[in-house]
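Notes follow once the structure below has been shown.
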Amino acid sequence: MFDEDSRRLIESLAQRQGFTDVRWVAGEDVVVEQWVRFKCSYACDEYGTRACCPPNTPSVSECRELFHCFEHVAVIHTEKTLAPGEDARSWKREANAKMLELERQVFLAGYYKTLALFAGDCSLCAKCVTTRADCKNPGSARPCPEALAVDVFATVRKLGLPAQVLVERTQAMDRYAFLLVE
Ligand code: SF4
1 MFDEDSRRLI ESLAQRQGFT DVRWVAGEDV VVEQWVRFKC SYACDEYGTR
51 ACCPPNTPSV SECRELFHCF EHVAVIHTEK TLAPGEDARS WKREANAKML
101 ELERQVFLAG YYKTLALFAG DCSLCAKCVT TRADCKNPGS ARPCPEALAV
151 DVFATVRKLG LPAQVLVERT QAMDRYAFLL VE
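Structure follows, in structure tokens:
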């Protein structure tokens, strides 16, 4: 049974990975929209270059169905300001590795359905590939919520969390990973 103790346990496991801001949303309240998929298909210059992003993802209706399989989604907020010259991809790789470790620990605690979604594209490898079949690390690769047609802005704003369009590389970023759990 998933109860308040379950939440506390997962929040403490998240904290051990350095994730200190964890909020909760029901899977059915995650906002999944067709327009997000269109943005990936027509407004992303990396379309077709990543194994965990569209077109290598399920349909929007299948994505919506996925979130409906989970009563609980931990929304994990990280604020990050890149230092001058800092490589965003290295930072993402490190954060995503921590999410994988969190997923592993939550699974080992008995929450067998647990699934992590990364804050941003997978980035575990220095160079990604164009198809799932060619993924160099398929056991560890995870999509980000946006790749599953999630309107992250709308979802996190419902929780009172910040989400804004950035206009400068030097601005603080609010990044969101999800942990689907039950
Ligand atoms: S594990 Fe590597 S090849 Fe696979 S999706 Fe992630 S970055 Fe791409």
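Using my numbering, the final residue of the sequence shown is 182, and nothing's skipped along the way. Beta carbons are placed, not taken as given, at the ideal position from N, Cα and C, and that holds for glycine.
**Asked** Can you find at least 3 beta carbon pairs, one from the stretch 7–27 and one from the stretch 68–83, that sit closer than 8 Å?
**Response** Yes, since at least three Cβ pairs between the stretch 7–27 and the stretch 68–83 fall closer than 8 Å, the two stretches touch.
**Request:** State yes or no: is the C-beta of Asp-151 within less than 8 Å of the C-beta of Val-31?
**Result:** Taking 8 Å as the Cβ cut-off, Asp-151 and Val-31 qualify as a contacting pair.
**Cα-Cα separation between Ala-109 and Val-167, rounded to whole angstroms** = A direct Cα-to-Cα measurement between Ala-109 and Val-167 gives close to 41 Å.
**Message:** According to DSSP, simplified to helix, strand and coil, what is Met-99?
**Reply:** Helix.
**Prompt:** Can you pull the DSSP bridge partners for Leu-180?
**Reply:** Its beta-bridge partners are Val-73 and Leu-115.
**Inter-stretch contact (C-beta, 8 Å, three-pair minimum) for the stretch 123–139 and the stretch 43–53** = Touching, yes, given that three or more Cβ pairs across the two stretches are closer than 8 Å.
**Request:** Could you name each continuous alpha helix (DSSP H) segment of 4 residues or more that falls completely within the stretch 11–65, going from the start of the chain to the end?
**Result:** Complete alpha helix (DSSP H) runs here, min 4: 34–43.
**Request:** Per DSSP, which residues does Thr-78 bridge with? Please list them.
**Result:** Secondary-structure assignment with DSSP links Thr-78 through a beta bridge to Arg-175.
**Prompt:** Straight-line CA distance for Val-36 to Glu-146?
**Reply:** Distance between the alpha carbons of Val-36 and Glu-146 is about 7 Å.
**Secondary structure of Val-150, DSSP reduced to three states** = It is a strand residue.
**Message:** For Val-136, count the other beta carbons within 10 Å of its own beta carbon; 16 or more makes it buried, fewer makes it exposed. Which is it?
**Reply:** Checking the sequence shown, residue 136 turns out to be Lys, not Val. It is exposed - the Cβ of Lys-136 has fewer than 16 other Cβ atoms within 10 Å.
**Prompt:** ligand 1: which residues have Cβ under 5 Å from any of its heavy atoms, chain order?
**Reply:** With the cut-off at 5 Å, the residues found are Ala-51, Cys-52, Cys-122, Leu-124, Cys-125, Cys-128, Val-129, Cys-135, Lys-136, Asn-137 and Ala-141.
**Item:** 8 Å CB neighbourhood of Gln-34 in its chain, flanking five on each side removed
**Value:** Cβ neighbours of Gln-34 beyond the five flanking positions: Val-60 and Ala-149.
**Cβ shell of Val-22 (< 6 Å), same chain only, five flanking positions each side left out** = Excluding residues within five positions, the ones whose Cβ falls inside 6 Å are Glu-11, Ala-14, Ala-74 and Ile-76.
**Best match in Cys-122, Ser-123, Leu-102 and Pro-138 for proximity to Leu-115 [C-alpha to C-alpha]** = Considering only alpha carbons, the answer is Leu-102.
**Cα-Cα separation, Ser-140 to Phe-107** = One alpha carbon belongs to Ser-140, the other to Phe-107, and they sit about 14 Å apart.
**Where Thr-155 falls, given that 16 or more other Cβ within 10 Å makes a residue buried** = Buried: at least 16 other Cβ atoms inside 10 Å.
**Request:** Please confirm if Ser-90 has its CB atom under 8 Å from at least one CB of chain D.
**Result:** No chain D appears in this structure, which consists of one protein chain only.
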